[in-house]
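First the structure, in the form of structure tokens, and then the observations on it.
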């Protein structure tokens, strides 16, 4: 009867959404991300090109025209934005394929976005792929793992306690 009033479980482990090198969001060469205006998080310099869901959740937004970003709300209430590349919105969706739509339920490891790394680099753009916790101020016990190589669907990149 009182389960309606139970506090949401905050514990959650997010897995790497790409393979590559995880770096601090402070090192991203774009002030919107490095200054944490949108929230705290990290970036992965990718060696793979299909973005995976870091945990079970629901797609809250898909940048349908540019196809370069998706928002996810995880089961513990954490809201994240995964953003492929820097200034890739200028590509107007060219070189991107999105596999989900707003409102979809997703499972950990599910394909979200595929991107053409070579095309992005040929345009003089970066493939740094950021995961920003939009509501990070609500999660003070968040541990972010960076400055190491990560493997998609295996390496834990963020732990919420």
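Numbering (full-length UniProt numbering), first residue to last: 1 to 161. The beta carbon of each residue, even a glycine, is placed where N, CA and C say it ideally should be.
Kindly give me the distance between the Cβ atoms of residue 78 and residue 135, rounded to whole angstroms, as I take these residues to be in contact under 8 Å.
7 Å
As a quick exercise: from 140, 55 and 126, pick the residue whose alpha carbon is nearest that of residue 217.
With the chain covering only 1 through 161, there is no way to say anything about residue 217.
Under a Cβ-count criterion, where at least 16 other Cβ atoms within 10 Å of its own Cβ denotes burial, should residue 35 be classed as buried or exposed?
It is exposed - the Cβ of residue 35 has fewer than 16 other Cβ atoms within 10 Å.
Where residue 155 sits in the DSSP three-state scheme:
coil
Counting beta carbon pairs with one atom in the stretch 113-124 and one in the stretch 18-31, are three or more of them shorter than 8 Å?
no
For residue 5, count the other beta carbons within 10 Å of its own beta carbon; 16 or more makes it buried, fewer makes it exposed. Which is it?
In this predicted model, residue 5 has a pLDDT of only 45, less than 50, meaning its place in the structure is not dependable enough to derive any value.
Which residues in the same chain as residue 144 place their Cβ atom closer than 6 Å to its Cβ, once the five residues preceding and following it in sequence are excluded?
42 and 158
Alpha-carbon spacing of residue 7 relative to residue 76, whole angstroms
Low local confidence applies: a pLDDT of 46 at residue 7 is under 50, so the model's placement there is unreliable, with the coordinate-based value given in what follows. Approximately 10 Å between the Cα atoms of the pair.
Through-space distance from residue 57 to residue 74, alpha-carbon basis:
4 Å
Give me the Cα-Cα distance between residue 19 and residue 12, rounded to the nearest whole angstrom.
20 Å
Just list the beta strand (DSSP E) runs in the UniProt domain "PTS EIIA type-1" (30-135), keeping only unbroken ones of 3 residues or longer that don't cross its boundaries, in chain order.
40-46, 50-52, 57-62, 69-74, 79-86, 96-98, 111-115 and 126-133
For residue 33 and residue 149, the rounded distance between their alpha carbons
20 Å
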